[in-house]
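Taking it in order: structure first as C-alpha cells, then the write-up.
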Amino acid sequence: MFRASRYWKFVRIDAASRCIIQDLDPVKSFYCQLFGELPDQITIQRMQDIVLPQVLWLKWYRGLNQTHHTEERAVNLWLITLAYRVTYLLIVSKLDQWIQRHLLALQQDESLAFTDRFNAELSLRCYISEQIRSVCIALGAQFGERHGFAWYDLLRFVMDDTDPTRSICLPPQPKAQTGAIRNRSDPAEPYEHLAAKILRTFEPDRSSLATWTNMLTRQCGPLKAFLLEHGVYLISDWALLNDTEPDVLRRILSQTYGFPPDQVEQACRQLSGYHEVYRTQYRRSRTRGGCQPPTAEQLHQMIQQANLAMAPKELMQNLIDLASRLRQYRISRRGGPLPADSIDALDASDKLLPNLAVPAADSEDDDQTTFLGRYRQQLIVGLDQAITAEIQQRYQQLQRRTSTAAKASVFLQILQRYYCDRVPMTTIATEMGLKGQYEVTRLLKIDEFRSHVRQRTLNHLRDCILELAKEYAHPDRLQTLDQQVEAALNEYLGQVILESSVRANSDQGCLRQNLFIQRLCYVIQRFP
C-alpha cells in the first residue's frame with residue numbers, strides 16, 4: 001500500500017536509543033502542496049505512464065463482464081482482481097520513483113529558496129529513516145534470536161540522523177536566510193551522516209531509493225562490526241567467493257583448517273573456474289546489487305573451464321561449503337565469535353570424531369563416558385607436549401643466534417604477556433625494551449607457532465585415538481579408520497587453533513577461554 005506519510009514522518013532515536021517517530025508538520029504541508037496526500041490527487045497529465053495500465057484493465061473488465069455464465073464471471077472476477085493488484089503495485093512503485101525524482105530535483109536546484117530545498121531534503125530523509133528502520137527490523141527477524149540481539153539494538157549504529165532542524169546535505173547559508181534551520185557544516189559535525197551519504201550517492205536512473213538505502217545500510221561499518229561480534233557476516237556466499245583469490249584460499253585451507261594438499265588444490269581449481277565464469281560475467285554485466293546464485297549453465301561452464309570431474313549439483317554444494325569456511329574465517333579474523341562445542345559434552349563425539357562410531361548404539365553409557373574421558377585426556381596431553389616441544393625449540397633457536405640471544409631470555413615473558421595477559425604488542429615492546437611491535441611479531445611468529453603445535457598434537461592424537469578405537473570399533477572398520485581419524489582430528493584442531501587467534505586479541509577471550517590458550521598458559525607457568 002502506498003503511504004504518503006513516509007515522506008513527513010521522521011524516524012529517529014533519542015539519547016537512550018529508543019525509536020521515536022515524529023510528525024514534521026512543515027514538511028507535510030510542503031509535500032501536500034506539491035503532490036497531495038493520496039496518489040489520485042497527482043495530476044494525471046504528469047502521470048500518464050502510471051495511469052495507462054489502470055485504464056487498460058478497466059476496458060478489459062467491461063469486455064469480460066459481458067458474459068452471462070456464473071463460472072466464467074467468477075473466473076473473470078479473479079483475473080480482474082489479480083490484474084488490479086499487479087497494476088496497483090506497479091503504480092505505487094512508479095509513484096514513489098516519480099516523487100523521489102521530483103524531491104531530489106528540488107533539493108539540488110540552487111535557484112530555489114533555501115527553505116524549499118531544505119523541505120525537499122527533509123522529506124527524502126523521512127523516507128530514508130523509515131527504510132533504515134525496516135532494514136533493522138528485517139535483520140533482527142532474520143538473525144536476532146539465534147545470535148542474541150533485537151532489531152532495536154541495531155538502530156544506534158545506523159540511525160545517526162537525529163536532528164530534523166539541521167540540514168545534512170545543503171551548503172551553509174547565512175543565518176538570516178536559515179532562521180531556525182542550522183547548517184550541516186558546523187565544526188562539531190565533521191563526519192557524514194548515513195542519510196547524507198545515501199542522498200549524495202543516490203542515482204534514480206539506476207535504482208530505487210528503497211533499494212539503495214537497504215544496500216548502504218547493510219554496508220554501514222559500525223553495523224557490520226556489531227553483527228560480526230555476534231557471528232553475523234553480511235555478505236552473500238557468491239560475493240565472498242568473488243572476493244577471495246585462490247592463493248588466499250590455499251593458505252586458509254592449509255594453515256587454518258589443515259586440509260591435505262590434494263583437497264586444497266581441488267578447492268582452488270573450483271574457485272578458479274568460478275572466477276573465470278561467474279566473476280567475469282558479473283563484472284561485465286556491471287550489475288548494481290547483490291550477487292545471485294550461479295545458474296545451471298554457469299555451473300556447466302565452470303566444470304568445463306576447470307576440467308572438473310563432478311556434477312553441477314556437487315560443484316554448487318562444494319562452492320557453498322567453501323564460502324561457509326571463508327565466512328567463518330573472516331568472522332574470526334575480525335573479532336567475531338566462532339561456533340564452539342564443549343569437549344566435555346557427550347554428544348560432541350560425533351562432531352570431533354564423526355566416523356569412529358564409538359561406542360555402538362547398544363553399548364553401555366559407561367563405555368561412552370570412558371572413551372570420551374580418555375580422548376580428552378590424550379588431547380590435553382598431546383597439546384601440552386606439543387606446546388612444550390615447540391617452546392623449547394624456539395628458545396634454543398634464539399639462543400644459538402648471536403643477533404637474538406639476548407631476546408631468548410624474554411621470549412617466555414612475551415608469550416605470557418601476549419597469550420595469557422592479553423597485552424597489546426605495542427605495550428609489550430615498550431615493557432621489554434624492544435624497538436617496536438614488529439620485533440614482538442618476529443619473536444612470536446604466531447602463525448608458524450600455532451601451525452607447528454597443531455601438527456605435533458595431530459601426530460600424537462592420531463596414534464592414540466586409533467588405539468582407543470580398537471577397543472570399541474568393529475574389526476572390519478579398522479582398516480578405514482586411519483584416514484578418517486586424521487581428517488576429523490585435523491579439522492577439529494584447525495578450529496581450536498583458529499579460535500585461539502581471536503581469543504588472544506579480543507576482550508571477549510576473557511569471557512570464554514580457548515583450550516589452546518588454556519594449555520599454553522599452563523605450560524608457560526610450569527616451564528623450567
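Residue numbers (our numbering): 1 to 528.
The beta carbon of each residue, even a glycine, is placed where N, CA and C say it ideally should be.
Values in this document were obtained by computation on a predicted structure and should not be read as measured data.
Report the CB separation of residue i from residue j in whole angstroms; it is logged as a contact under 8 angstroms.
i, j, result
"residue 428", "residue 326", "The pair is not a contact, with the Cβ atoms about 31 angstroms apart (cut-off 8 angstroms)."
"residue 400", "residue 411", "That belief does not hold up - the Cβ atoms of residue 400 and residue 411 are roughly 13 angstroms apart, past 8 angstroms."
"residue 27", "residue 104", "Not really, about 15 angstroms apart at Cβ, beyond 8 angstroms."
"residue 161", "residue 206", "Incorrect: roughly 23 angstroms between the Cβ atoms, too far for contact."
"residue 17", "residue 155", "6 angstroms"
"residue 271", "residue 241", "7 angstroms"
"residue 164", "residue 10", "5 angstroms"
Mind checking residue i: buried by the 16 CB within 10 Å criterion, or exposed?
i, result
"residue 119", "buried"
"residue 96", "buried"
"residue 309", "exposed"
"residue 520", "buried"
"residue 391", "buried"
"residue 283", "exposed"
"residue 418", "buried"
"residue 426", "exposed"
"residue 307", "exposed"
"residue 258", "buried"
"residue 278", "buried"
"residue 332", "buried"
"residue 167", "buried"
"residue 3", "exposed"
"residue 280", "exposed"
"residue 249", "buried"
"residue 441", "exposed"
"residue 12", "buried"
"residue 292", "exposed"
"residue 531", "Because residue 531 is not part of the residues shown, which for the chain are 1 to 528, the question remains open."
"residue 100", "buried"
Would you give the residue range spanned by the alpha helix (DSSP H) that residue i belongs to?
i, result
"residue 198", "194-201"
"residue 298", "296-306"
"residue 328", "312-333"
"residue 25", "25-34"
"residue 13", "First-last for residue 13: 9-13, but that is the beta strand (DSSP E), not the alpha helix (DSSP H)."
"residue 221", "221-229"
"residue 126", "114-139"
"residue 285", "280-285"
"residue 407", "405-415"
"residue 437", "437-444"
"residue 253", "It is not in any alpha helix (DSSP H) - residue 253 carries neither H nor E in the DSSP assignment."
"residue 155", "155-158"
Helix or strand or just coil, what does DSSP make of residue i?
i, result
"residue 263", "helix"
"residue 356", "A caution first: residue 356 carries a pLDDT of 40, below 50, which makes its placement in the model unreliable, though a value can still be read off. Here residue 356 sits in coil by DSSP."
"residue 149", "coil"
"residue 365", "Bear in mind that a pLDDT of 46 at residue 365, under 50, signals an unreliable position, so the number given afterwards is only what the model happens to contain. The answer is helix: DSSP assigns residue 365 an H, G or I state."
"residue 20", "strand"
"residue 422", "coil"
"residue 206", "coil"
"residue 526", "coil"
"residue 454", "helix"
"residue 529", "Outside the shown range of the chain, which is 1 to 528, sits residue 529, and nothing can be said about it."
"residue 166", "strand"
"residue 3", "coil"
"residue 504", "The pLDDT assigned to residue 504 is 49, lower than 50, so where the model puts this residue is not dependable, and the model offers no usable value."
"residue 245", "coil"
"residue 350", "Below a pLDDT of 50, predicted positions are generally treated as unreliable, and residue 350, at 37, falls in that range; the measurement from the model is reported next regardless. In the structure shown, residue 350 sits in a helix (DSSP, three-state: H, G or I)."
"residue 236", "coil"
"residue 429", "helix"
"residue 434", "coil"
"residue 447", "helix"
"residue 191", "coil"
"residue 276", "helix"
"residue 384", "helix"
Between which two residues does the beta strand (DSSP E) holding residue i run?
i, result
"residue 291", "Unbroken run through residue 291: none, as it is neither H nor E."
Would residue i count as contacting chain B if we go by Cβ distances under 9 angstroms?
i, result
"residue 428", "Among the protein chains of the structure shown there is no chain B, as only one such chain exists."
Compute the minimum distance between the beta carbon of residue i and the heavy atoms of the ligand FAD, and state whether it is under 8 angstroms.
i, result
"residue 116", "Summarising the ligand content, the structure contains no ligands, and the ligand FAD is consequently not present."
With a cut-off of 8 angstroms, do at least 3 Cβ pairs link the segment 210-221 to the segment 133-150? yes
Touch check for the segment 446-461 and the segment 379-387: three-plus C-beta pairs under 8 angstroms? yes
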